[in-house]
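In order, the protein sequences belong to chains Y and P.
Going by this note's numbering, the first residue of the first sequence is number 2, and it counts up by one from there.
Going by this note's numbering, the first residue of the second sequence is number 2, and it counts up by one from there.
Structure first, commentary second.
Number of protein chains: 2
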Amino acid sequence: MTVEALSPLTRKLSAFVALSEVELAGLERLHQRRRSFVAGRDMVHQGQSSQAAYILSAGWVCSYKLQADGTRQIVDFQVPGDFLGLRSVLLRTSDHSFEPIVDIEAAEVLTSDLLDAFAQTPRLATAILWAASRDEAMVVEHLVGIGRRDANARMAHFLLELGSRLALVGIGSKEGFDCPLTQYHLADTLGLSAVHVNRVLRQLRESGLVTFRDGHVTFHDHGGLVKLAEFDPAYLDHAGPLLE
Amino acid sequence: MTVEALSPLTRKLSAFVALSEVELAGLERLHQRRRSFVAGRDMVHQGQSSQAAYILSAGWVCSYKLQADGTRQIVDFQVPGDFLGLRSVLLRTSDHSFEPIVDIEAAEVLTSDLLDAFAQTPRLATAILWAASRDEAMVVEHLVGIGRRDANARMAHFLLELGSRLALVGIGSKEGFDCPLTQYHLADTLGLSAVHVNRVLRQLRESGLVTFRDGHVTFHDHGGLVKLAEFDPAYLDHAGPLLE
DNA sequence: CCTAGCGACTGCTTTAGATCAGCCCATCCT
DNA sequence: AGGATGGGCTGATCTAAAGCAGTCGCTAGG
Numbered sequence: 002m003t004v005e006a007l008s009p010l011t012r013k014l015s016a017f018v019a020l021s022e023v024e025l026a027g028l029e030r031l032h033q034r035r036r037s038f039v040a041g042r043d044m045v046h047q048g049q050s051s052q053a054a055y056i057l058s059a060g061w062v063c064s065y066k067l068q069a070d071g072t073r074q075i076v077d078f079q080v081p082g083d084f085l086g087l088r089s090v091l092l093r094t095s096d097h098s099f100e101p102i103v104d105i106e107a108a109e110v111l112t113s114d115l116l117d118a119f120a121q122t123p124r125l126a127t128a129i130l131w132a133a134s135r136d137e138a139m140v141v142e143h144l145v146g147i148g149r150r151d152a153n154a155r156m157a158h159f160l161l162e163l164g165s166r167l168a169l170v171g172i173g174s175k176e177g178f179d180c181p182l183t184q185y186h187l188a189d190t191l192g193l194s195a196v197h198v199n200r201v202l203r204q205l206r207e208s209g210l211v212t213f214r215d216g217h218v219t220f221h222d223h224g225g226l227v228k229l230a231e232f233d234p235a236y237l238d239h240a241g242p243l244l245e
Numbered sequence: 002m003t004v005e006a007l008s009p010l011t012r013k014l015s016a017f018v019a020l021s022e023v024e025l026a027g028l029e030r031l032h033q034r035r036r037s038f039v040a041g042r043d044m045v046h047q048g049q050s051s052q053a054a055y056i057l058s059a060g061w062v063c064s065y066k067l068q069a070d071g072t073r074q075i076v077d078f079q080v081p082g083d084f085l086g087l088r089s090v091l092l093r094t095s096d097h098s099f100e101p102i103v104d105i106e107a108a109e110v111l112t113s114d115l116l117d118a119f120a121q122t123p124r125l126a127t128a129i130l131w132a133a134s135r136d137e138a139m140v141v142e143h144l145v146g147i148g149r150r151d152a153n154a155r156m157a158h159f160l161l162e163l164g165s166r167l168a169l170v171g172i173g174s175k176e177g178f179d180c181p182l183t184q185y186h187l188a189d190t191l192g193l194s195a196v197h198v199n200r201v202l203r204q205l206r207e208s209g210l211v212t213f214r215d216g217h218v219t220f221h222d223h224g225g226l227v228k229l230a231e232f233d234p235a236y237l238d239h240a241g242p243l244l245e
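What follows is the structure, given as structure tokens:
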């Protein structure tokens, strides 16, 4: 099987462990129950008790929490290869909502499927828990960003992280990537107003670091951006297969 | 065994599932390797590759990330019954540091111990993953707080969450709790300056909601505080069988 | 006993980012 | 064709919280 033919999740996990044929088969089996969702309509509402998780195979999703005052905080984005709602399998109610940003393709994974896969292929379990740990590390990094970085650094860091995540599943590079997010999405993610997001993007553009326009992010000066954001990708743990 | 004699972790997990004798025994076995650490000296440094996790049995610890500019963001506190570094068992390097705030007692848990316990008592595995999910939900809530709440609401929310967590392991209540944190800890947690923390505490005190003084938090108006913070404890998932 | 150091606390000044109030340009709808 | 809608963009004003500079009180150490 060529690299291109693999599911994005498989590509991602392969960056962590070299998976055997049996494990690859187990992973593909998790992709059986295919589902589509349309952009804009929530897949899961916060407060709803959810029975299943999903593996995103195409498109973008955001997970967010709604505040009583109507504002929302986007907690994370899911791109192809990411799990969706893995955590809410164990907590009784989903503590946030999921909204597809574009039309998406996902595989539904029942709790029982997951537990079966875990029992049969322990190394696969480890790999999936690695992915969950990495997602959590990203949330933590995001927290640090909002708490301690100024608006420009926050934006720079966010774009770099996204670029790095997308590169791992083969739909982006150090040059840039396609990105369906609006400035409102960025605002809700970074804890800024949409107006300010606009200004920040202008500043980054005018200082020749990065352009975000017409659904495409272009890194003009990747190194400069890394410096501005103090971006250290260690938390993404892309160091390459550990268990071989 | 009476409730008081249980380890704090056991008490906490019992809020989620009623554990059998065998499972309780497995849990106690995880507590064999006892360790002590003194206040102020980091247990784990960020960047260090760590082999073990810990279960905190007495004292307080904070986990934080250091920024290049010298500021630090405290990500979470660990109180008795909490795991410490569970995530870094799977990621190659610890992405944050752990500092005991007071002298502490903890049980060291090797990766292999944990995997053995998981294999032997699957329900225990589920319970521990529940605890991990809950920790992650707290980080997410914390993220929302920093991104979307003003300083007063942030402080109120933080104190309520801590109170709720401590009550679960029996060392706090709706009336208040003992708390060894300084205003600097609060500042680094909430993304505020220490100066502003002081003002915020004064405001909360003067409006008769809560007092934080001499290492003790006293809730004067728990309901009012909940309203100010828009505190919805659902994400702490305490719904379940409280020791039946 | 004196001093060093930490934590709590305060007033004054500055600034990052919010809020308000708009405009422009597509696309979509009827 | 004529609105409505959504996203991007801008200038002017306002404000929450930072930063600075310093006091006070307690504890520990020489």
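Even for Gly, the Cβ is constructed at its ideal location relative to N, Cα and C.
Name the chain Y residues that come within less than 7 Å of P/Ser134, Cβ to Cβ?
Within chain Y, the residues near P/Ser134 are Arg88, Leu91 and Leu92.
Under the rule that 16 or more other beta-carbon atoms within 10 Å means buried, what is Y/Ser95, buried or exposed?
Counting Cβ neighbours within 10 Å, Y/Ser95 comes out buried, since at least 16 surround it.
From P/Glu106 to Y/Ala40, what distance separates their C-alpha atoms?
If I take the Cα positions, the gap works out to 50 Å.
If we ignore side chains and look at the alpha-carbon of each, how far apart do Y/Gly224 and P/Asp104 end up?
Computed Cα separation, rounded: 43 Å.
DSSP has P/Ala230 in a bridge; who is on the other side?
Paired residues: none, contrary to the question.
Between Y/Ala69 and P/Ala230, what straight-line distance do the alpha-carbon atoms span, to the nearest angstrom?
Cα-Cα distance, rounded: 10 Å.
Quick one: using the 10 Å Cβ neighbour count with 16 as the cut-off for buried, is Y/Ser21 buried or exposed?
The residue is exposed, with fewer than 16 neighbouring Cβ atoms inside 10 Å.
Alpha carbon to alpha carbon, how far is P/Gly171 from P/Leu25? Give it in angstroms, no decimals.
Roughly 18 Å separates the two Cα atoms.
Checking the sheet assignment: what are the DSSP bridge partners for Y/Leu67?
In DSSP, Y/Leu67 forms a bridge with Y/Arg73.
Kindly indicate which three-state DSSP category Y/Asp192 falls into: helix, strand or coil?
According to the sequence as given, residue 192 of chain Y is Gly; it is not Asp. The answer is coil: DSSP assigns Y/Gly192 none of H, G, I, E or B.
Based on the DSSP output, what are the partners of P/Gly177 in its beta bridges?
Partner(s): P/Ser174 and P/Thr219.
Residue range of the beta strand (DSSP E) that Y/Leu115 falls in?
Note, Y/Leu115: premise wrong, no beta strand (DSSP E); alpha helix (DSSP H) at Thr112 to Gln121.
Taking Cβ-Cβ distances below 7 Å as the criterion, which residues of the stretch 50–74 of chain Y are in contact with chain P?
Correct list: Lys66, Gln68, Ala69, Thr72 and Gln74.
Assign Y/Asp43 to one of two classes, buried (16 or more other C-beta atoms within 10 Å of its C-beta) or exposed (fewer than that).
Exposed, because fewer than 16 other Cβ atoms sit within 10 Å of the Cβ of Y/Asp43.
State the DSSP-derived secondary structure class of P/Cys35, mapped to helix, strand or coil.
Per the sequence presented here, residue 35 of chain P reads as Arg, with Cys not at that position. If DSSP states are grouped into helix, strand and coil, P/Arg35 belongs with the strands.
Taking the alpha-carbon positions, what's the Y/Ala133 to P/Glu207 distance?
Roughly 43 Å separates the two Cα atoms.
Run the CB neighbour count on P/Arg203, radius 10 Å, all protein chains shown included, and call it buried at 16 or more, exposed below.
So P/Arg203 ends up on the exposed side.
Determine, for Y/Tyr236, whether the minimum Cβ-Cβ distance to residues of chain P falls below 8 Å.
Answer yes: the Cβ-Cβ gap between Y/Tyr236 and chain P drops below 8 Å somewhere.
In chain order, what residues of the same chain have a beta carbon less than 6 Å from the beta carbon of Y/Leu67, not counting five sequence neighbours either side?
Cβ within range, chain order: Arg73.
Kindly indicate if chain Y contains any beta-carbon less than 8 Å away from that of P/His143.
Chain Y contact via Cβ: present.
For the alpha helix (DSSP H) that Y/Val23 lies in, which residues bound it at each end?
Run containing Y/Val23: Glu22 to Arg30, per the alpha helix (DSSP H) assignment.
How would you label P/Glu142, buried or exposed, when you count the other beta carbons within 10 angstroms and need 16 or more for buried?
Burial call: buried.
Hey, out of Y/Tyr65, Y/Ser58 and Y/Val201, whose CA is closest to Y/Asn153's CA?
Out of Y/Tyr65, Y/Ser58 and Y/Val201, Y/Val201 has the C-alpha closest to the C-alpha of Y/Asn153.
Indicate, with yes or no, if the ligand ADP has a heavy atom lying under 7 Å from the CB of P/Leu7.
Absent from the structure shown: the ligand ADP. Ligands present: none.
In chain P, what lies closer than 9 Å to Y/Asp96 by C-beta?
Within chain P, the residues near Y/Asp96 are Ala138, Val141, Glu142, Ala235, Tyr236 and Asp238.
Please confirm whether Y/Gly173 has its beta-carbon closer than 8 Å to some beta-carbon of chain P.
No, Y/Gly173 does not count as interfacial toward chain P.
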